[in-house]
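Notes for the one structure printed next.
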Amino acid sequence: MRFIRCFEETLLSLFDEGVLNGTTHCCIGQEADAVAVMEHLREDDHVFSNHRCHGHFLARTGDAVGLLAEIMGKPEGVCFGTGGSQHLCAPGFKSNGVQGGIVPAAAGIAMANQLSGSDAVSLVFIGEGTLGEGAVYETLNIAALWSLPLVVVLEDNGWSQSTPSSVNLAGDIVPRFEAFGIPTREVVSTDVQEIHAAAGEVIGAARATGSPRVLVIRTYRLCHHSKNDDNRPEAEVAARWVTEPLRIHGERLTVAERDDIDGDVRAAIDEVVTHVRQL
Amino acid sequence: MIYARALGAGLERALETDERVVVIGEDIADPYGGAFKVTRGLTTRFPERVRSTPISEGAIAGISAGLALAGYRPIAEIMFGDFVTLAFDQIVNHISKYEAMYDGTVSCPVVIRTPSGGGRAYGPTHSQSLEKHMFGVPHLRVVAGSLLHDPELVLRHLLAHTYPAIHVEHKLLYPLHMIEPERGLDGDLTVTRVASSEDRLPTAVLRAVPREDCSVTVLAYGYQAELARRVVERLAVEEEVFAELLVPAEISPLDWEVIEHSVAVTGSLLTVEEGTAGWSWGTEIAAHVGRELFGRLRRPVEVLASAADVIPSAREREAEMLVGEDAIMRAVRECAG
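In order, the protein sequences belong to chains W and V.
Counting in my numbering, the final residue of the first sequence is number 281, and the numbers go up one at a time with none missing.
Counting in my numbering, the final residue of the second sequence is number 376, and the numbers go up one at a time with none missing.
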């Protein structure tokens with residue numbers, strides 16, 4: 003979590019420095035979701051992620067050099083600089099920047115697992131804003147009908163770009179999935195241990211039954227949507243810094259342990275940046 | 040054998056010979072066997088790998104994308120070509136992009152088959168030829184079924200490659216018999232097949248006399264190619280107006296070399312398509328051929344397309360609007376002059 007946070011903070015400063023391309027969507031405040039989920043995945047499982055994919059990518063692959071080089075548009079990037087921030091590919095991992103469309107692709111990978119008799123799962127991260135896309139419901143319907151080993155992890159960070167979810171979402175989230183008969187687990191937390199336990203149950207159940215499952219994580223994005231586009235009430239954001247995942251989990255560690263982790267992460271990120279700058 | 044059966048046999052053969060092949064689409068299961076009966080019998084023989092889906096074109100295309108990314112060879116059916124709009128995000132932003140945007144580390148060889156075109160009085164949203172909206176999408180090939188290209192060979196070719204493809208099938212082809220030339224002859228026309236490389240599907244070349252004696256090249260695909268074949272044969276026999284007909288299977292991107300070789304000799308080109316006029320297959324070809332063969336053309340490239348309008352359900356009005364045999368006949372005569 004500390005590594006993802008530090009990586010993205012570094013990205014933002016590199017943006018200010020003018021050495022990055024295009025745009026970027028940071029997951030500051032949501033790192034616990036990525037880390038908690040990936041702990042339960044095997045090498046033959048597959049993750050599909052969205053525009054806010056750095057945390058997922060790093061937790062899945064650990065390839066910070068490949069990611070930074072990609073975002074810097076260098077040929078050493080994981081997609082040769084073609085993909086940029088939101089179109090990443092690595093073994094067992096892909097991301098694409100169009101909302102909703104990755105969900106059927108993840109279901110297709112789940113169907114491939116089913117056809118080949120594997121108990122691997124296909125997991126896809128979406129946000130609450132993606133629930134506006136019809137492709138999601140088309141896919142939930144088929145995933146339930148065909149009993150596909152698909153895990154949908156919905157990170158509800160309360161804001162769809164600049165629009166509060168109360169303006170974008172009618173009714174509630176969980177019953178939308180339950181309407182398709184898909185068991186859905188909700189966790190209102192930024193505590194990595196709590197999310198870890200819930201993710202373990204959800205992924206384990208999908209694997210054991212070979213059928214779809216949904217994990218809804220109520221979280222919060224502490225940074226802007228992409229860059230310099232945050233109009234949310236300052237008091238609301240400030241209140242969420244109190245319950246952010248690093249702070250919650252940090253309280254389980256001693257000061258010395260925290261300092262060690264911070265120092266190690268800082269040194270590692272500095273090394274990554276120095277290396278990638280020279281490419 | 041009629042086209043629908045030949046295509047169904049091609050799909051059956053693909054399922055038999057390649058365990059990675061998966062066929063999905065709406066209402067394709069037995070006993071119905073698909074809106075145009077192309078898939079009849081397949082779910083009975085291959086219940087695991089042939090599946091009827093809900094009415095969800097976006098998910099059909101998207102699930103196909105995931106299957107392809109995972110190493111399978113999905114062949115999806117979109118029941119009417121008009122509905123391909125519902126899968127457009129998948130085609131443009133996902134299926135055709137994955138290989139290039141992930142720098143070749145994956146491929147996404149999805150084949151989407153879709154019955155297209157008018158002539159059955161199905162009206163504005165069940166009669167269109169929307170393939171022009173997919174021409175020129177980078178890394179996507181658009182292939183048109185015809186009576187001159189054995190669908191089994193076309194499918195085998197697609198399965199031997201890893202690019203995604205849209206396979207448009209004009210509905211009026213389904214009940215027609217495949218053209219199987221005897222000793223290279225179909226009636227009064229010789230039939231040959233040429234391709235500039237093994238990577239390309241062949242273009243069928245039909246003519247009554249040697250190329251040097253043809254005064255126009257006619258380029259057409261799908262059902263329009265069948266209409267053009269009848270016209271070319273009739274004009275040769277009845278009026279001694281000689282045209283060379285080129286029928287490509289791959290209609291985007293085109294095998295330009297084959298077209299240029301013909302037009303460089305005949306000095307005149309007519310393109311024929313059933314899609315609506317403007318920003319079309321023919322206008323792109325006219326731009327290319329006009330640029331490449333400027334000094335060899337006797338006259339501007341003629342583009343024959345249907346009226347840029349909604350396709351009416353009323354039979355006579357539909358026939359007036361869509362390119363038909365009479366319009367092709369007039370255009371060939373004019374372009375041969």
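All residues carry an ideal CB built from backbone N, CA and C; glycine is no exception.
Interface flag, residue i vs chain V, CB-CB below 7 Å
i      : result
W/E78  : no
W/I73  : no
W/A114 : yes
W/V100 : yes
W/G68  : no
W/E45  : no
W/C81  : yes
W/A137 : yes
W/E33  : no
W/E10  : no
W/E19  : no
W/E196 : no
W/E140 : yes
CB of residue i within 7 Å of CB of residue j, strictly
i      : j      : result
V/L228 : V/L245 : yes
V/A282 : V/V255 : yes
V/I350 : V/E357 : yes
W/G94  : W/H42  : no
W/S87  : W/T26  : yes
V/A234 : V/V207 : no
V/H209 : V/Y262 : yes
W/E72  : W/G79  : yes
V/F119 : V/E96  : no
V/S345 : V/E313 : yes
W/G31  : W/R223 : yes
W/A108 : W/S124 : yes
V/V149 : V/A107 : yes
W/L70  : W/I6   : no
V/V297 : V/T322 : no
V/T153 : V/I117 : yes
V/T92  : V/E65  : yes
W/S167 : W/E130 : yes
V/S307 : V/C253 : no
W/A36  : W/I197 : no
V/S146 : V/T201 : yes
V/M40  : V/M217 : yes
CB-CB length for residue i against residue j, believed under 8 Å
i      : j      : result
W/V105 : W/V155 : That pair is no contact at about 11 Å.
V/L212 : V/L187 : At roughly 11 Å, the Cβ-Cβ gap does not stay under 8 Å, so V/L212 and V/L187 are not in contact.
W/H89  : V/M140 : 5 Å
W/H227 : W/M3   : Actually they are not in contact, since the Cβ atoms of W/H227 and W/M3 sit about 21 Å apart, beyond 8 Å.
W/G85  : W/T132 : Actually they do not touch by this definition, with Cβ atoms about 20 Å apart.
Residue-chain proximity (residue i, chain W), Cβ-Cβ < 7 Å
i      : result
V/T144 : yes
V/D365 : no
V/Y42  : no
V/D128 : yes
V/Y260 : no
V/L336 : no
V/L293 : no
V/Y202 : no
V/L198 : no
Under 8 Å from the C-beta of residue i: neighbouring residues of chain W
i      : result
V/A243 : Within chain W, no residue comes near V/A243; the closest Cβ sits about 34 Å away, beyond 8 Å.
V/T378 : No answer is possible for residue 378 of chain V: the residues shown for chain V start at 40 and end at 376.
V/E87  : L117
V/G110 : A114
Partner residues on chain V for residue i, Cβ-Cβ distance less than 9 Å
i      : result
W/P214 : Under the 9 Å cutoff, chain V gives no residues; its nearest Cβ is about 13 Å from W/P214.
W/C91  : Y137, M140, Y141, D142, T144 and V145
Under 7 Å by beta carbon: chain W residues contacting residue i
i      : result
V/L103 : First, the residue type needs correcting, since residue 103 of chain V is Ser and not Leu in the sequence shown. Near V/S103 (Cβ distances below 7 Å), the residues of chain W are G110.
V/L106 : G110, M113 and A114
Within chain W, partners of residue i - CB distance below 9 Å
i      : result
V/L50  : Per Cβ cutoff of 9 Å: no residues; V/L50 is ~17 Å from chain W at best.
V/H133 : N98, V100, G103, I104, P106 and A107
Partners in chain V for residue i, counting only beta-carbon separations shorter than 8 Å
i      : result
W/N143 : P93, S95 and A98
W/L156 : Residues of chain V passing the Cβ test: none, with the nearest at roughly 18 Å.
W/E203 : By Cβ distance, chain V contributes nothing, its closest Cβ being about 25 Å from W/E203, past 8 Å.
Partner residues on chain V for residue i, Cβ-Cβ distance less than 7 Å
i     : result
W/G85 : M140 and Y141
Within the chosen definition, does the region 110-120 of chain W reach the region 168-178 of chain V through at least 3 CB pairs nearer than 8 Å?
Judged by Cβ distances under 8 Å, the region 110-120 of chain W makes no contact with the region 168-178 of chain V, as fewer than three pairs qualify.
Tell me whether the region 216-227 of chain W and the region 197-204 of chain W touch, counting them as touching only if at least three CB pairs, one residue from each stretch, are closer than 8 Å.
Three or more pairs of CB atoms, one per stretch, sit closer than 8 Å, so the region 216-227 of chain W contacts the region 197-204 of chain W.
Hey, is the region 164-173 of chain V in contact with the region 105-116 of chain V, meaning 3+ C-beta pairs nearer than 8 Å?
No, the region 164-173 of chain V is not in contact with the region 105-116 of chain V.
Any contact between the region 124-140 of chain V and the region 84-91 of chain V? By contact I mean 3 or more CB pairs, one from each, below 8 Å.
Taking a cut-off of 8 Å on C-beta distances, the region 124-140 of chain V does not touch the region 84-91 of chain V, as fewer than three cross pairs fall below it.
Using a Cβ distance threshold of 8 Å, determine whether the region 237-244 of chain V contacts the region 322-342 of chain V, with at least three qualifying pairs required.
Contact between the region 237-244 of chain V and the region 322-342 of chain V is absent, with fewer than three C-beta pairs closer than 8 Å.
Three or more C-beta pairs under 8 Å: does that hold for the region 256-266 of chain W against the region 190-199 of chain V?
Short answer: they don't touch.
For the region 264-275 of chain V and the region 296-305 of chain V, state whether three or more C-beta atom pairs, one from each stretch, are separated by less than 8 Å.
Short answer: they don't touch.
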